[in-house]
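Colleague: Residue numbers (this note's numbering): 37 to 158. Ideal Cβ placement from N, Cα and C applies to all residues, glycine included. This is the structure I want to talk about, given as structure tokens.
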């Protein structure tokens, strides 16, 4: 599975990466040419385990989240969804924070190097 995500440091993205790490082996990759200075990166998930109950529950929540983000809100034009709802930040950071930093190092390094090459960054 390949997913394009943005802002690795944001809570929603962190929660998404964390949840996917519970049901699959994940790797984060930032393409050099098109995405180097942008907030986007790829999450590659292998050995996804759809038979796990946690996976089944999360897929249903993702379906609901997609619907809300697409058609929710007062005007039916979509509204924000908190992917990390119900998760405790401190608990996850204690349990998984170091692994997250290791996963994200290549993404952050590639973006930092690309930004350093831009003339408008000092």
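For the beta strand (DSSP E) that contains residue 61, what are its first and last residues?
Modeller: Along the chain shown, read from residue 1 onward, the residue named residue 61 stands at position 25. Note, residue 61: beta strand (DSSP E), 61-65.
Colleague: With residue 139 as the anchor, note down where its alpha helix (DSSP H) starts and where it stops.
Modeller: Mapped onto the chain shown, residue 139 falls at position 103. Segment 125-153, the alpha helix (DSSP H) holding residue 139.
Colleague: Look up residue 41 in the DSSP assignment and say whether it is helix, strand or coil.
Modeller: Along the chain shown, read from residue 1 onward, the residue named residue 41 stands at position 5. Correct three-state label for residue 41: strand.
Colleague: Might you give, ordered along the chain, the residues of its own chain that have their beta carbon closer than 6 angstroms to the beta carbon of residue 66, omitting 5 neighbours on each side?
Modeller: As a working note, residue 66 is residue 30 in the chain shown. Once the five neighbours on either side are set aside, the close Cβ partners of residue 66 are 77, 143 and 146.
Colleague: Under the three-state reduction of DSSP, which class applies to residue 113: helix, strand or coil?
Modeller: What you label residue 113 is simply residue 77 of the chain shown in a count that begins at 1. The answer is coil: DSSP assigns residue 113 none of H, G, I, E or B.
Colleague: Under three-state DSSP, which class holds residue 75?
Modeller: Taking the chain shown and counting its residues from 1, one reaches residue 75 at position 39. Looking at residue 75 - three-state DSSP - the assignment turns out to be coil, as it is neither helix nor strand.
Colleague: Find out if the Cβ-Cβ distance for the pair residue 117, residue 79 is shorter than 8 angstroms.
Modeller: Within the chain shown, the letter at position 81 stands for residue 117. Within the chain shown, the letter at position 43 stands for residue 79. The answer is no: Cβ separation not under 8 angstroms.
Colleague: Would you call residue 42 buried or exposed, if buried means 16 or more other Cβ atoms sit within 10 Å of its Cβ?
Modeller: Here the question's residue 42 lines up with position 6 in the chain shown. So residue 42 counts as exposed.
Colleague: Check this for me: beta carbons of residue 139 and residue 56, under 8 angstroms apart or not?
Modeller: Here residue 139 refers to the residue found at position 103 when the chain shown is read from its first residue. Here residue 56 refers to the residue found at position 20 when the chain shown is read from its first residue. No. Outside cutoff.
Colleague: Does the beta-carbon of residue 39 have 16 or more other beta-carbons within 10 angstroms, so that it is buried, or is it exposed?
Modeller: Along the chain shown, read from residue 1 onward, the residue named residue 39 stands at position 3. Classification of residue 39: exposed, given that the 10 Å Cβ count is below 16.
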